[in-house]
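Engineer:
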Amino acid sequence: MPAVRPRLLYVTDLAYPARGRRYCDEDIELTARLREEFDLALCHPRDAAALMDGFDAVVVRNSGPVLHYQEAYDAFRERATALRTRVYNPLHGRGDMAGKQYLLDLTTAGLPVIPTVDRAADLDRLPAADTYAVKPKAGADSIGLSFLPREELAGLDYGGILVQPRIDFRYEVSFYFVDDRFQYALNAPDPGRRWALEPYEATEADIGFARRFVDWNTLDHGIQRIDACRTPEGELLLVELEDLNPYLSLDRVPEPVRDRFVAAMAESLHRFLED
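At position 181 of the sequence shown the residue is numbered 1048 (this note's numbering), and the sequence of numbers has no breaks.
(1) My guess is that A924 and R953 are in contact by the Cβ rule of under 8 Å, so how many angstroms apart are they, rounded?
(2) Taking 8 Å as the threshold (C-beta atoms), are E893 and L845 in contact?
(3) Would you mind stating whether R928 and D906 have Cβ atoms separated by less than 8 Å?
(4) Have a look at the DSSP bridge pairing and note the partners of I895.
(5) Who are F1014's beta bridge partners in DSSP?
(6) Going by DSSP, what residue range makes up the beta strand (DSSP E) through F1044?
(7) Here's a check: name, in chain order, each residue in its chain whose Cβ is nearer than 7 Å to the Cβ of E945, leaving out the five neighbours to either side.
(8) CB-CB under 7 Å to R1097, same chain, minus the five flanking residues each way: which ones, in chain order?
(9) If you reduce the DSSP assignment to three classes, tell me which class P1066 lands in.
(10) Do you know whose CA, among E1141, Q1091, P884, lies nearest G956's CA?
(11) Are Y1025 and F1014 touching if we call contact CB-CB under 8 Å?
(12) Under the rule that 16 or more other beta-carbon atoms within 10 Å means buried, what is R1048, buried or exposed?
(13) Residues in the same chain with beta-carbon distance under 7 Å from L1086, minus the five sequence neighbours each way, listed in chain order, please.
(14) Which one of V1120, S930, D1057, R872 has the shortest CA to CA distance from Y1043?
(15) When you compare only the Cα positions, how much space is there between G977 and R1079?
(16) For V1124, does the three-state DSSP call read helix, strand or coil?
(17) Do you know how far the Cα of T898 is from the Cα of A917?
(18) If you draw a straight line from the alpha carbon of T983 to that of N1112, how long is it in whole angstroms?
(19) Short of 8 Å in beta carbon distance, which residues of its chain neighbour D997, apart from the five on each side in sequence? Order them along the chain.
(20) Between D880 and the rest of its own chain, which residues show a CB-CB distance below 7 Å, the 5 nearest in sequence each way excluded?
(21) Quick one: grab the DSSP three-state call for R1119.
(22) Drop a sphere of 10 angstroms on the beta-carbon of L1012, count the other beta-carbons inside from all chains shown, and report buried for 16 or more, exposed for fewer.
(23) Check whether the Cβ atoms of Y1051 and V1124 lie closer than 8 Å to each other.
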């Protein structure tokens, strides 16, 4: 039975050296705001499995790439499932939480995503490009990413990699949702500076694009970031569906937008605990 003030274990790696981002600043500010409504303790992702008892929910935030602590993360998931611990975001996400399989599934389903294959036999399904991105299925934060010409693709070991055409895009844009509610959008006008973000005035068509992937993911509660790129022809294509621990870039949005997001997250957590 939850206490009068719900108790949250907030999982974050405050020391993770993210390129172009300040994990610690974002989580320090966000937890300071959430403490107005919740009793809250922070812990490193390696400690979450051991500390989750006694909390009404575990909130996974800026915890860094799982591959850096895969064994501890697997133990956390196993223990949370066994104890029926509430985890926010819930552990049945179909996006990055489950690896990169969703890029293949969305390609097969014909949704607007950068075309993706994982077998040499399927390379002919990819459009022609000067170079191709090769990334591990279990990768994150561009770890293991390389770019190769088409003639080198057939000889790769396809045990655990994905191949995509390298897209010539005008800019990247990210859409941020709490549950199924759109909150704000940010874009990187310079393709070479992914985290030099600016507020982006999303159109109804843009939000509709992003919402298709939120709906596909079927998470009733939680925070999702839909990363996309704008092609020279004006089309949006999905780059990533971040549903495990998406960085929010809250320092890049105006204060009223930040306030609205924190309020939406708090409301979402209350609903999550009541369901």
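For every residue, glycine included, the Cβ atom is placed at its ideal position computed from N, Cα and C.
Structural biologist: Answer, in terms of the structure:
(1) As a working note, residue 924 is residue 57 in the sequence shown. As a working note, residue 953 is residue 86 in the sequence shown. Yes, they are in contact, since the Cβ atoms of A924 and R953 sit about 4 Å apart, within 8 Å.
(2) Because the chain is modelled from 868 through 1142, residue 845 falls outside the range shown and cannot be assessed.
(3) Residue mapping note: residue 928 aligns to position 61 of the sequence shown, counting from 1. Residue mapping note: residue 906 aligns to position 39 of the sequence shown, counting from 1. For R928 and D906, no; Cβs fall outside 8 Å.
(4) The residue labelled residue 895 in the question sits at position 28 within the sequence shown. Paired residues: none, contrary to the question.
(5) Working through the sequence shown from its first residue, we reach residue 1014 at position 147. Paired residues: A1000.
(6) Within the sequence shown, the letter at position 177 stands for residue 1044. Counting along the chain, the beta strand (DSSP E) containing F1044 begins and ends at 1038 to 1045.
(7) Mapped onto the sequence shown, residue 945 falls at position 78. The answer is none, since no qualifying residue turns up.
(8) Residue 1097 sits at position 230 when you count from the first residue of the sequence shown. Within the same chain, R1097 has close Cβ partners F1036, R1037, Y1038, V1040, L1103.
(9) Residue mapping note: residue 1066 aligns to position 199 of the sequence shown, counting from 1. P1066 sits in a strand when the DSSP states are folded into three classes.
(10) Your numbering for residue 956 matches position 89 in the sequence shown. It is Asn, not Gly, that sits at residue 956 in the sequence shown. When each option's Cα is compared against that of N956, the closest is Q1091.
(11) Taking the sequence shown and counting its residues from 1, the one referred to as residue 1025 is at position 158. Taking the sequence shown and counting its residues from 1, the one referred to as residue 1014 is at position 147. Cβ atoms of Y1025 and F1014: not closer than 8 Å.
(12) For the purposes of this step, residue 1048 is taken as the residue at position 181 of the sequence shown. It counts as exposed.
(13) For the purposes of this step, residue 1086 is taken as residue 219 along the sequence shown, with counting starting at 1. Excluding positions up to five away in sequence, the list reads N956, P957, G960, D1110.
(14) Reading the sequence shown from its first residue, position 176 is the one you call residue 1043. The shortest Cα separation from Y1043 among V1120, S930, D1057, R872 belongs to V1120.
(15) Working through the sequence shown from its first residue, we reach residue 977 at position 110. Working through the sequence shown from its first residue, we reach residue 1079 at position 212. Each residue's Cα considered, the two are about 12 Å apart.
(16) In the sequence shown, counting from the first residue as 1, residue 1124 sits at position 257. Of the three classes helix, strand and coil, the one that applies to V1124 here is helix, per DSSP.
(17) To locate residue 917, count along the sequence shown from 1; it is residue 50. To locate residue 898, count along the sequence shown from 1; it is residue 31. Rounded to the nearest angstrom, the two C-alpha atoms are 21 Å apart.
(18) In the sequence shown, the residue the question calls residue 983 occupies position 116. In the sequence shown, the residue the question calls residue 1112 occupies position 245. Straight-line Cα distance between these residues: approximately 23 Å.
(19) Residue numbering aside, residue 997 sits at position 130 when the sequence shown is read from its first letter. Only P1016, R1033 meet the Cβ criterion.
(20) In the sequence shown, residue 880 corresponds to position 13, counting from 1. The residues are Y890, H911, P912, N929, S930, G931.
(21) If you number the sequence shown from 1, residue 1119 lands on position 252. Correct three-state label for R1119: helix.
(22) The count along the sequence shown starts at 1 and reaches residue 1012 at position 145. The residue in question, L1012, is exposed, as its Cβ has fewer than 16 Cβ neighbours within 10 Å.
(23) Taking the first residue of the sequence shown as position 1, residue 1051 is located at position 184. Taking the first residue of the sequence shown as position 1, residue 1124 is located at position 257. Yes, Cβ-Cβ distance for Y1051 and V1124 is below 8 Å.
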